[in-house]
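The next block holds one structure in the form of structure tokens; read it before the comments.
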Amino acid sequence: MITYEFLQQYWWFIMSLLGGLLVFLLFVQGGQSMLHSLSRKEDEKRLLVNALGRKWEYTFTTLVTFGGAFFASFPLFYSTSFGGAYWAWMILLFCFVLQAVSYEFQSKPGNIFGVRTYRMFLFINGLLGTFLLGVMVASFFTGSEFTVGKGNIAGLGTAGPVISQWQNPLHGLELLGNLRNLTLGFAVFFLARTLASLFFVNRLSHEVLEKRSRKFVLFNGLPFVVLFLIFLIWTLLAEGYAVDPATNVVSLEKMKYLHNFVEMPLVMALFLLGVAAVLYGIIHTVFSGSFKKGIWFSGAGTIVTVTMLLLVAGYNNTAFYPSSFDLQSSLTLQNSSSSEFTLSAMAVVSLFVPVVAAYIFYAWRALERRKLSLEDLNSDGHTY
Amino acid sequence: MDLLAASAVNWSRAQFALTAGYHWLFVPLTIGLALIMAIMESLYVKTGDEKWKIATKFWQKIFGINFAIGIATGIILEFQFGTNWSNYSWFVGDIFGAPLAIEGIFAFFMEATFVSIMFFGWNRVSKKMHLASTWLVFLGASLSAFWILVANAWMQYPIGMEFNPESVRNEMTDFWAVAFSPVAYNKFLHTTFSCWAVGAAFVVAISGWYLLKKRHADFAVKSMLIGSIVGLVAFVMLAVTGDGSAYHVAQKQPMKLAAMEGLYEGKEGAGLVAVGMLNPAKERYNDEADPYIFKIELPKLLSLLGYRNINAFVPGIVDIVDGGYTLPDGTTALSFQERRERGLTAIKALADYQVAKEEGRDADAANHETILRENYAHFGYGYLQTEEDLIPNVPLTFYSFHLMVMIGMYFILFFVVMLYFLYKRDMVKSRWLHYVALWSLPLAYIASELGWVVAEVGRQPWTIQDILPVQAASSAISSQNVITTFILFAVLFTGLLIAEVTIMVKQIRKGPDSEGLKA
Chain A
0 MITYEFLQQY
10 WWFIMSLLGG
20 LLVFLLFVQG
30 GQSMLHSLSR
40 KEDEKRLLVN
50 ALGRKWEYTF
60 TTLVTFGGAF
70 FASFPLFYST
80 SFGGAYWAWM
90 ILLFCFVLQA
100 VSYEFQSKPG
110 NIFGVRTYRM
120 FLFINGLLGT
130 FLLGVMVASF
140 FTGSEFTVGK
150 GNIAGLGTAG
160 PVISQWQNPL
170 HGLELLGNLR
180 NLTLGFAVFF
190 LARTLASLFF
200 VNRLSHEVLE
210 KRSRKFVLFN
220 GLPFVVLFLI
230 FLIWTLLAEG
240 YAVDPATNVV
250 SLEKMKYLHN
260 FVEMPLVMAL
270 FLLGVAAVLY
280 GIIHTVFSGS
290 FKKGIWFSGA
300 GTIVTVTMLL
310 LVAGYNNTAF
320 YPSSFDLQSS
330 LTLQNSSSSE
340 FTLSAMAVVS
350 LFVPVVAAYI
360 FYAWRALERR
370 KLSLEDLNSD
380 GHTY
Chain B
0 MDLLAASAVN
10 WSRAQFALTA
20 GYHWLFVPLT
30 IGLALIMAIM
40 ESLYVKTGDE
50 KWKIATKFWQ
60 KIFGINFAIG
70 IATGIILEFQ
80 FGTNWSNYSW
90 FVGDIFGAPL
100 AIEGIFAFFM
110 EATFVSIMFF
120 GWNRVSKKMH
130 LASTWLVFLG
140 ASLSAFWILV
150 ANAWMQYPIG
160 MEFNPESVRN
170 EMTDFWAVAF
180 SPVAYNKFLH
190 TTFSCWAVGA
200 AFVVAISGWY
210 LLKKRHADFA
220 VKSMLIGSIV
230 GLVAFVMLAV
240 TGDGSAYHVA
250 QKQPMKLAAM
260 EGLYEGKEGA
270 GLVAVGMLNP
280 AKERYNDEAD
290 PYIFKIELPK
300 LLSLLGYRNI
310 NAFVPGIVDI
320 VDGGYTLPDG
330 TTALSFQERR
340 ERGLTAIKAL
350 ADYQVAKEEG
360 RDADAANHET
370 ILRENYAHFG
380 YGYLQTEEDL
390 IPNVPLTFYS
400 FHLMVMIGMY
410 FILFFVVMLY
420 FLYKRDMVKS
430 RWLHYVALWS
440 LPLAYIASEL
450 GWVVAEVGRQ
460 PWTIQDILPV
470 QAASSAISSQ
480 NVITTFILFA
490 VLFTGLLIAE
500 VTIMVKQIRK
510 GPDSEGLKA
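Those protein sequence lines, which keep their order, are chains A and B.
Start counting the first sequence at 0; every next residue gets the next number (numbering that gives the first Met the number 0).
Start counting the second sequence at 0; every next residue gets the next number (numbering that gives the first Met the number 0).
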């Protein structure tokens, strides 16, 4: 029997999965942030740009789909977070705008700003895109300063007609003042760079770059693991935002997220499996000179780990987008989701996702049957 | 200073207009060129003629440059519903979010996936698979247009939903009514043909330039032929679907129609203004000044277009404000003040409902809900203050509409002449026509942008027709914040546009180089 509650949980799973996919695909941004440090010569840079340039649209499209799906399934999150944390989101979007033109424009004559500028755009997107997304995800655990009053639109209260009101004048930038948010922000940044290094090891037919990429797996993997563990342990031990299923009252509960893991053993098992896969991909690549499949282990591990982490933020009677300003304004799966009808209709739509995944897989295989080398850049007809 | 003092709502409107206006410079060319490339590649696969391949690859290069900036400007639009129109996002997100999500899942992934095969797959997949990918890029882009236009059409003609006072939002009750509303489907066709039109005008203009420079004559004539056929089909279909649009606007948004025509006093058997100039001295909708300095009218045509009846009554702005005329369904139209009263009643009933529910007075809540439902059709009017709030910018809507139609008519003639010269005369030697082709290109862009001005300025003040005006739809952010992002986007998009145009010009100057493109 498909109930409203089931659909809300289902859609939170879909959003978590999309979040996991997005974080995995941020390897493109990670790669962009190390164009200069990883390569020494211009042709090496070009090869890196072109390897990433064949994948950047997947990340971009996943981000757009993530936004659209959030809008369709949890519109109160869309209105509260985007309309409130205005600057955090605007800066994030701004750096994705910079990215979208930079591949196509950078090597074309007449591009006005020159190749260095476009590569700087890619660097900015690589740095801010990953870091800010990490900060925003962290706020799902640490909370934000907002109130929600659905009666506002009918003139109840004194705040004017707007339902969701951000209570900090910095409109999202204040999230950068929270150390735990920063920890996850930098963790995601280093994760993206680690994944990018693994991707280069797998994709490139270029000895020097491959060797250097292996080193970069270690240089970036280490800070990632340390930062992620700090965030994880901190979050597990910190207070979390619990919802009373009978009254819908939100309260702070000590070690809420640790309880969630314990009370959802399957989620915990998959989470640990995901973490193990990420670590295996990193460690094996670092210690074996010939192992090239690290990206598949760490990539799949990233998807599973992030998905489970987001499930912990929303499942088991937890407010997934908590308000630290007014606990009762916190967004839960129940009070922020779309109607049962819309969630059902969209659930039918989601059944087509495997078809989409199938043709993406086909295209990826068709283009990547052989590794990318400098020679390919001239023969494939379209280069960046 | 006046500009700086404008409200956050107006700055959010300006920001949306800016980003949408820029986005729309690139989307039509993407869709139009995708079609033309797909036709050319089909001819290549069918005939094996390498010249078609060279032509396909050349236009593909132009497509790529344009596609990138189209994506860059598009992402902002989606998220802006949340950042700047937060109330809107909750109030109708249950319905509006669905097409955006479907667009992402189906259309964007299709486009992104097959674009990569189209660009990089010439040597990596079979000829037929490559051709299929090019067509799928066109299909993906068109599907994307379909879903976004479903969303837009729903704002202009909200159906398939019901207001839920408990969750304080509109909820979807009929997905198919939303997805295939007559307004959506007509809007999709009209907008898609406008994309074909821009793509065709672009291809023909660039080809004209090559002929003027006496370069790549064979390529240019081939491209012109495909472009002219697509262009003629597109503009004829634009006229047909434009007629459909006018009909829907008359039925669902009579104020927009009145603004499009500068019609203040309604009449039976109303004529359509063919050419006209509005009187700038007209300051208020009900003052004595004549709305026009001059006009040439096609008799009875507006009644025919709007109501399929040459003698039908077409209400003017004054009629819509004052009410009292008979609607097509036989009822009498309410005045603005009557609708405002009912809107206020609905809003108050919602507040009372909320309070009653909170206090556990369920019977009272049920009564308030009944009152709310009886008056819900006028809900948005409760946020408006004066009659003037109901009236869109008439000169902007009027001139945009008429200029768009005139340019459309011009292009039908233009493409007929082009095809005549391509088939019956020597196109290569007809230099005057090359100039005409080249200088017609800006007109296509202008008409395409004006279409959106008519659609979006003409529907003000509504984000959702009759239900939610812009004043009640925005986020709680100060105008300083929005001004800052407005300026950032204006500078960034302008810079990128300049870069895009110069890159394109360089690529066009380089020409369809068979050596470089043959790979």
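Quick reminder that beta carbons are idealized off the backbone N, C-alpha and C, glycines included.
Chain B beta carbons: is any one of them nearer than 8 Å to that of residue i?
i        : result
GLU262/A : no
GLN333/A : no
SER338/A : yes
THR60/A  : yes
ILE1/A   : no
PRO353/A : no
GLY66/A  : yes
What's the call for residue i, buried or exposed, on a 16-neighbour Cβ count within 10 Å?
i        : result
LEU24/B  : buried
ARG192/A : buried
GLU262/A : exposed
ASP1/B   : In this prediction, ASP1/B scores a pLDDT of 49, lower than 50, which makes its location untrustworthy; the coordinate-derived value is nonetheless stated afterwards. Result: exposed.
GLU170/B : buried
GLN59/B  : buried
PRO298/B : exposed
GLY176/A : exposed
THR317/A : buried
PHE137/B : buried
HIS35/A  : exposed
MET0/A   : exposed
ALA268/A : exposed
ALA518/B : For ALA518/B, the predicted structure reports a pLDDT of 36, less than 50, and the residue's modelled location is therefore unreliable. A value from the coordinates is still provided. Under this definition ALA518/B is an exposed residue.
LEU516/B : For LEU516/B, the predicted structure reports a pLDDT of 43, less than 50, and the residue's modelled location is therefore unreliable. A value from the coordinates is still provided. Burial call: buried.
LEU236/A : exposed
TYR521/B : No answer is possible for residue 521/B: it lies beyond the span of chain B, which begins at 0 and ends at 518.
THR46/B  : exposed
Of all the CB atoms in chain A, is at least one closer than 8 Å to the CB of residue i?
i        : result
GLY510/B : no
ILE370/B : no
ILE158/B : no
MET171/B : yes
GLN479/B : no
GLU514/B : With a pLDDT of only 46 at GLU514/B, under 50, the local geometry of the prediction cannot be trusted, and no value is derived from it.
LEU442/B : no
Could you round the C-beta distance between residue i and residue j to whole angstroms and report it? I think they count as a contact, below 8 Å.
i        : j        : result
THR116/A : GLN28/A  : THR116/A to GLN28/A, Cβ: 18 Å. No contact.
GLN506/B : ILE64/B  : 7 Å
LEU203/A : LEU376/A : Contact flag wrong, Cβ pair sits at about 12 Å.
ILE75/B  : VAL96/A  : 7 Å
PHE95/B  : ILE152/A : 16 Å between Cβ atoms; not a contact.
LEU51/A  : GLY30/A  : 5 Å
LEU183/A : PHE230/A : 5 Å
LYS251/B : VAL202/B : The Cβ separation is near 35 Å, so there is no contact.
I'd like to know whether the C-beta atoms of residue i and residue j end up nearer to each other than 8 Å.
i        : j        : result
TYR291/B : VAL320/B : no
VAL149/B : VAL167/B : no
PHE223/A : SER196/A : no
THR72/B  : TYR21/B  : yes
LEU32/B  : LEU231/B : no
GLY171/A : ALA312/A : no
PHE234/B : PHE414/B : yes
ALA100/B : ALA68/A  : yes
PHE140/A : ALA186/A : no
LEU174/A : VAL134/A : yes
ALA357/A : ALA97/B  : no
**Message:** Tell me which residues of the segment 72-90 of chain B have at least one Cβ-Cβ distance to chain A shorter than 9 Å, keeping chain order.
**Reply:** THR72, GLY73, ILE74, ILE75, GLU77, PHE78, GLN79, PHE80, GLY81, THR82, ASN83, TRP84, SER85, ASN86, TYR87, SER88, TRP89 and PHE90
**Prompt:** Which residues, in chain order, does the segment 94-106 of chain B contribute to contact with chain A at a C-beta distance below 8 Å?
**Reply:** ILE94, PHE95, GLY96, ALA97, LEU99, ALA100, ILE101, GLU102, GLY103, ILE104 and PHE105
**Request:** Could you please tell me which residues of the segment 104-129 of chain A, in chain order, have their CB closer than 8 Å to any CB of chain B?
**Result:** For the segment 104-129 of chain A, which is checked against every Cβ of chain B, the residues closer than 8 Å are PHE104, LYS107, PRO108, GLY109, ASN110, ILE111 and PHE112.
**Request:** Anything in the segment 225-255 of chain A with a Cβ closer than 9 Å to a Cβ of chain B? List those residues in chain order, please.
**Result:** none
**Message:** To be precise: take each residue of the segment 108-128 of chain B, compare its Cβ to all Cβ atoms of chain A, and keep it if any distance is under 9 Å. Which residues remain?
**Reply:** PHE108, MET109, GLU110, ALA111, THR112, PHE113, VAL114, SER115, ILE116, MET117, PHE118, PHE119, GLY120, TRP121, ASN122, ARG123, VAL124 and MET128
**Request:** Residues of the segment 150-170 of chain A with a CB closer than 8 Å to any CB of chain B: list them in chain order, please.
**Result:** Taken in chain order, the members of the segment 150-170 of chain A whose beta-carbon sits within less than 8 Å of a beta-carbon on chain B are GLY150, ILE152, ALA153, GLY154, LEU155, ALA158, GLY159, PRO160, VAL161, ILE162, SER163, GLN164, TRP165 and HIS170.
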